[in-house]
Ligand code: SF4
Ligand code: FES
């Protein structure tokens with residue numbers, strides 16, 4: 001990569017998906033943006049675009065963001081076909097403009113999946129993830145004073161695997177990248193994290209069944225092991241979690257429970 | 273809804289069904305390919321092998337089982353395709369880069385699968401229900417399937433079409449076989465590379481083996 005000093009400014013051609021509301025027709029609109037500093041993050045570049053649009057009296061581009069440090073998972077957008085942009089293991093907010101050249105064209109679209117309907121411009125509704133979590137992604141604990149930290153021994157390997165799975169920020173890039181619109185990587189990370197730890201054992205069997213059924217009740221697709229989810233995941237959640245999810249689901253089926261309530265404890269999703 | 277029926281209708285349950293039926297046919301094509309290699313040995317070996325298989329009364333059971341498994345695999349696969357066409361209404365206007373994208377083999381399973389199913393039907397019409405010649409070895413009269421195979425494998429168009437379909441089947445297995453491990457949850461950081469390698473090699477061996485046979489006959493018999 002050619003090094004650029006911070007005072008070389010770039011001009012970019014942006015094609016941004018503009019859509020007034022959930023039911024409106026959307027289209028890609030062209031914008032020419034001058035004065036982009038290579039040290040800016042991708043979201044700062046969009047801020048500059050929005051400032052200019054506001055000054056011109058136009059509607060700014062709606063996009064989601066919060067932490068801007070790669071930990072909240074809200075900066076959902078697809079940059080040149082890649083969820084979170086072309087960099088591996090990087091959220092859109094952590095992507096910097098130094099990876100782009102002067103004069104380059106960048107296409108910015110919202111996440112595409114039936115389960116994530118577009119609300120406005122680049123903003124999608126990811127509450128389907130919340131409903132999956134509500135259906136079983138929790139543990140029950142007895143309240144009282146906090147337990148002794150060393151009372152629960154956990155093997156280092158297990159702790160590491162659980163920690164890796166726990167780094168999932170629920171951003172939804174896996175669903176966006178998947179040609180089936182499947183949420184398997186997300187669900188597998190959440191199921192793995194709890195199934196690997198002693199605190200998660202009480203609801204282990206029920207949890208995986210409830211979360212998978214909620215996932216299916218939402219408009220998520222069926223996984224066909226394509227693997228683009230793991231490639232797009234900014235937190236490098238590995239496909240081994242999906243294998244573990246498959247195992248956990250089978251284990252839960254043979255472990256003897258007669259039937260599983262569907263969607264209790266959580267709102268039923270949009271009808272499948 | 274009982275646990276079992278909800279298991280089978282869930283997306284993960286269907287994955288298991290796909291994988292289990294896939295095992296049956298992956299094994300079948302490998303055995304079939306190896307058995308067919310007798311074409312290199314000669315007419316008598318080939319016909320005796322075929323006779324031994326078809327004269328065994330168990331064959332009807334096995335055939336019915338194979339057909340049922342194949343249809344089950346196809347129908348389940350189709351329901352997945354239908355669901356997924358609904359859950360991903362639109363893709364992006366730019367193609368994603370390498371690891372954020374998906375392999376050609378994994379994206380074309382429905383096409384390579386459909387081609388395979390069509391081929392199986394065509395293949396049965398050509399050979400199983402094709403012209404019957406007879407030959408007698410050591411006083412046992414049996415079907416001279418060798419003669420029919422040699423005939424067919426001398427038609428340039430047939431050989432070309434056969435080779436193309438085998439490449440498509442190879443693609444199907446390329447994604448499918450290594451996928452079986454992942455679906456059944458057989459995964460371990462230390463062995464995953466091996467599972468992938470095994471799946472890819474399996475696909476290449478089956479496809480290359482099946483393609484070598486008509487080429488051998490066409491050029492050397
Ligand atoms: S698995 Fe990765 S891509 Fe999917 S929601 Fe979690 S962090 Fe995002
Ligand atoms: S804004 Fe929080 S992860 Fe990007």
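Protein chains in written order, with the working numbering: chain Z, 1 to 272; chain F, 273 to 493.
Idealized CB from N, CA, C, for every residue including glycine.
**Asked** Hey, is residue 173 of chain Z close to the ligand SF4, as in C-beta under 7 Å from one of its heavy atoms?
**Response** Answer for residue 173 of chain Z: yes, Cβ within range of the ligand SF4.
**Message:** Any heavy atom of the ligand FES closer than 7 Å to the beta-carbon of residue 494 of chain F?
**Reply:** With chain F covering only 273 through 493, there is no way to say anything about residue 494 of chain F.
**Message:** Rounding to the nearest angstrom, what Cα-Cα distance links residue 142 of chain Z and residue 90 of chain Z in this structure?
**Reply:** Their backbone Cα atoms lie some 38 Å apart in a straight line.
**Prompt:** At which residues does the alpha helix (DSSP H) containing residue 460 of chain F begin and terminate?
**Reply:** Element bounds for residue 460 of chain F: n/a, residue is neither H nor E.
**Request:** Using only the heavy atoms of the ligand SF4, determine whether one of them is closer than 7 Å to the beta carbon of residue 185 of chain Z.
**Result:** Yes, the ligand SF4 has a heavy atom inside 7 Å of this Cβ.
**Asked** Do you know whose CA, among F:444, F:467, F:393 and F:484, lies nearest residue 475 of chain F's CA?
**Response** Per the Cα distances, F:444.
**Message:** Just list the residues that DSSP pairs residue 87 of chain Z with in beta bridges.
**Reply:** According to DSSP, residue 87 of chain Z bridges with nothing at all.
**Prompt:** Are the segment 403-415 of chain F and the segment 308-328 of chain F touching, with three or more C-beta to C-beta distances below 8 Å?
**Reply:** Judged by Cβ distances under 8 Å, the segment 403-415 of chain F makes contact with the segment 308-328 of chain F, as three or more pairs qualify.
**Request:** State buried or exposed for residue 431 of chain F, treating a residue as buried only when at least 16 other CB atoms are found within 10 Å of its CB.
**Result:** Residue 431 of chain F is buried by the Cβ-count criterion.
**Prompt:** Whose C-alpha, out of F:290, F:448 and F:442, is nearest the C-alpha of residue 349 of chain F?
**Reply:** Measuring from the Cα of residue 349 of chain F, the nearest candidate turns out to be F:290.
**Message:** Is residue 235 of chain Z a contact residue of the ligand SF4, with contact defined as CB to any heavy atom under 7 Å?
**Reply:** For residue 235 of chain Z, the CB falls within less than 7 Å of some heavy atom of the ligand SF4.
**Asked** Three or more beta-carbon pairs under 8 Å between the segment 420-439 of chain F and the segment 479-492 of chain F, yes or no?
**Response** Under the Cβ criterion (8 Å, minimum of three pairs), the segment 420-439 of chain F counts as touching the segment 479-492 of chain F.
**Prompt:** Of all Cβ atoms in chain Z, is any one closer than 8 Å to the Cβ of residue 358 of chain F?
**Reply:** True, the Cβ-Cβ gap to chain Z drops below 8 Å.
**Prompt:** Applying the criterion that 16 or more other CB atoms from any shown protein chain within 10 Å of the CB defines a buried residue, is residue 174 of chain Z buried or exposed?
**Reply:** Buried.
**Message:** For residue 374 of chain F and residue 184 of chain Z, which I take to be in contact (beta-carbon distance under 8 Å), what is that distance rounded to the nearest angstrom?
**Reply:** That pair is no contact at about 13 Å.
**Request:** Helix, strand or coil for residue 409 of chain F, going by three-state DSSP, please let me know.
**Result:** Annotated three-state conformation of residue 409 of chain F is strand, per DSSP.
**Asked** If we ignore side chains and look at the alpha-carbon of each, how far apart do residue 457 of chain F and residue 162 of chain Z end up?
**Response** Rounded to whole angstroms, residue 457 of chain F to residue 162 of chain Z spans 17 Å at the Cα level.
**Presumed contact (8 Å Cβ cut-off) between residue 364 of chain F and residue 172 of chain Z, rounded CB distance** = About 15 Å; that fails the 8 Å criterion.
**Asked** Any contact of the segment 367-384 of chain F with the segment 401-408 of chain F, i.e. 3+ C-beta pairs under 8 Å?
**Response** With a cut-off of 8 Å, the segment 401-408 of chain F and the segment 367-384 of chain F do not count as touching, because too few Cβ pairs lie within range.
**Prompt:** Are the beta-carbon atoms belonging to residue 232 of chain Z and residue 117 of chain Z less than 8 Å from one another?
**Reply:** Pairing residue 232 of chain Z with residue 117 of chain Z gives a Cβ-Cβ distance that is not under 8 Å.
**Asked** Are residue 303 of chain Z and residue 234 of chain Z closer than 8 Å when you measure CB to CB?
**Response** In the structure as shown, chain Z starts at 1 and stops at 272, and residue 303 of chain Z therefore has no counterpart that could be examined.
**Message:** Does residue 114 of chain Z pass the burial test, meaning 16 or more other C-beta atoms within 10 Å, or should it be called exposed?
**Reply:** Counting Cβ neighbours within 10 Å, residue 114 of chain Z comes out buried, since at least 16 surround it.
**Request:** Would you verify that the beta carbon of residue 275 of chain F is, or is not, closer than 8 Å to some beta carbon of chain Z?
**Result:** No answer about residue 275 of chain F holds up, because its pLDDT of 49 lies below 50 and its placement is not dependable.
**Request:** Return helix, strand or coil for residue 319 of chain F, following the three-state DSSP convention.
**Result:** Helix, per DSSP.
**Asked** Name the chain F residues whose beta carbon is nearer than 9 Å to that of residue 239 of chain Z?
**Response** The contacting residues are 454, 459 and 464.
**Message:** So, with DSSP's three-state summary, where would you put residue 141 of chain Z?
**Reply:** Coil at residue 141 of chain Z, not helix or strand.
**Request:** Consider the Cβ of residue 150 of chain Z: report whether some Cβ of chain F lies at a distance smaller than 8 Å.
**Result:** No, no contact with chain F.
**Item:** Unbroken stretches of the alpha helix (DSSP H), 4 residues or longer, contained in the segment 310-398 of chain F
**Value:** Within the segment 310-398 of chain F, the complete alpha helix (DSSP H) runs of at least 4 residues are 310-313, 315-326, 330-359, 376-379 and 381-395.
**Message:** Considering only heavy atoms of the ligand SF4, does any lie closer than 7 Å to the CB of residue 73 of chain Z?
**Reply:** The nearest non-hydrogen atom of the ligand SF4 is less than 7 Å from the C-beta of residue 73 of chain Z.
**Asked** Closest to residue 447 of chain F by CA distance: which of F:309, F:493, F:306 and F:381 is it?
**Response** Of the listed residues, the one whose Cα sits closest to residue 447 of chain F is F:381.
**Message:** With a threshold of 8 Å on Cβ separation, who are the neighbours of residue 297 of chain F within its own chain once the five nearest residues in sequence on each side are excluded?
**Reply:** Same-chain partners within the cutoff: 338, 341, 342 and 345.
**Request:** Have a look at residue 224 of chain Z and residue 63 of chain Z and give me their C-alpha separation to the nearest angstrom.
**Result:** Residue 224 of chain Z and residue 63 of chain Z: Cα-Cα distance of roughly 30 Å.
**Request:** Under 8 Å between beta-carbons, which chain F residues line up against residue 163 of chain Z? List them in chain order, please.
**Result:** From the beta-carbon of residue 163 of chain Z, no residue of chain F is found nearer than 8 Å; the closest lies around 15 Å away.
**Request:** Please confirm whether any heavy atom of the ligand SF4 lies closer than 7 Å to the CB of residue 222 of chain Z.
**Result:** Outside the cutoff, so no.
**Request:** Look at the alpha carbon of residue 204 of chain Z and the alpha carbon of residue 196 of chain Z, and state the distance between them as a whole number of angstroms.
**Result:** Those two C-alpha atoms are separated by around 9 Å.
**Message:** Taking beta-carbon pairs under 7 Å, can you tell me which members of the segment 210-234 of chain Z lie near chain F?
**Reply:** Cβ contacts with chain F: 212, 213, 216, 219, 220, 221, 222, 223, 224, 225, 226, 227, 228, 231 and 232.
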